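The opening residue of the sequence shown carries number -4 in the numbering used here; numbering runs sequentially from there. Here's the structure we're looking at; comments come further down.
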Amino acid sequence: MPDSAEPVITANARFYRALGNADLEAMSLLWLHSDESACVHPGWSMLEGWESIRQSWEAIFENQGPFRVWPGEVSVHLDGTTAWVTCIENIDTSRELTDVLVQTQATNIFRMTGGEWKMIHHHASPLPTGSGSGEERRISPN
């Protein structure tokens, strides 16, 4: 991956840290507060605009609380002031440290704004049936 991808990788890692910590303030700092921002949570309809997205994260964090989550199979693409990341989300929502995880596939799109990579789109969905993922699995974080 080119060196210029490192800030995008860092922004993507910040997203998963905010998600795992159920940290609405950190999530808010990462997103572009714009009507053009969009988000699709697994099983949800598309949310458009920062306010709808913020409300969704608030509800998720209140209902779920903190959990372990980290990206795997990360691929970064850059095109000027736009970058997109594809990855597998490894999710452990248990209250104890376990090795039983759920995996989803995600695309995160960032835009360079004011010298920072801001998220403008997050889409996560189950992996296709028969892929061996998207269901509970035993896996170890890297």
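Glycine is no exception: its CB is placed at the ideal position from the N, C-alpha and C atoms. Bear in mind that the values here come from a model prediction, so they are computed numbers and not experimental data.
(1) If you count every other CB in all the chains shown that lies within 10 Å of the CB of residue 46, and 16 or more means buried, which is it?
(2) Between the stretch 63 to 82 and the stretch 35 to 51, do at least 3 Cβ pairs fall closer than 8 angstroms?
(3) If we count the other Cβ atoms within 10 Å of its Cβ and call it buried at 16 or more, is residue 99 buried or exposed?
(4) Report back the beta-carbon spacing between residue 26 and residue 48 to the nearest angstrom; my notes put them in contact at under 8 angstroms.
(5) Who are the near neighbours of residue 35 in its chain, counting only those whose CB is closer than 8 angstroms to its CB and skipping five residues on each side?
(6) Comparing alpha-carbon positions, which option in 109, 122, 105, 123 lies nearest residue 1?
(7) What's the gap between the Cα of residue 115 and the Cα of residue 56?
(8) Do residue 60 and residue 17 have their C-beta atoms closer together than 7 angstroms?
(9) Among 112, 123, 83, which has the Cα closest to the Cα of residue 23?
(10) Starting from residue 105, follow its DSSP beta bridges and name the residues at the other end.
(11) Shortest alpha-carbon distance to residue 54 belongs to which of 96, 15, 19, 69?
Reading off the structure:
(1) exposed
(2) no
(3) buried
(4) 6 angstroms
(5) 41, 42, 117, 118, 119, 120
(6) 105
(7) 20 angstroms
(8) yes
(9) 112
(10) 78, 114
(11) 19
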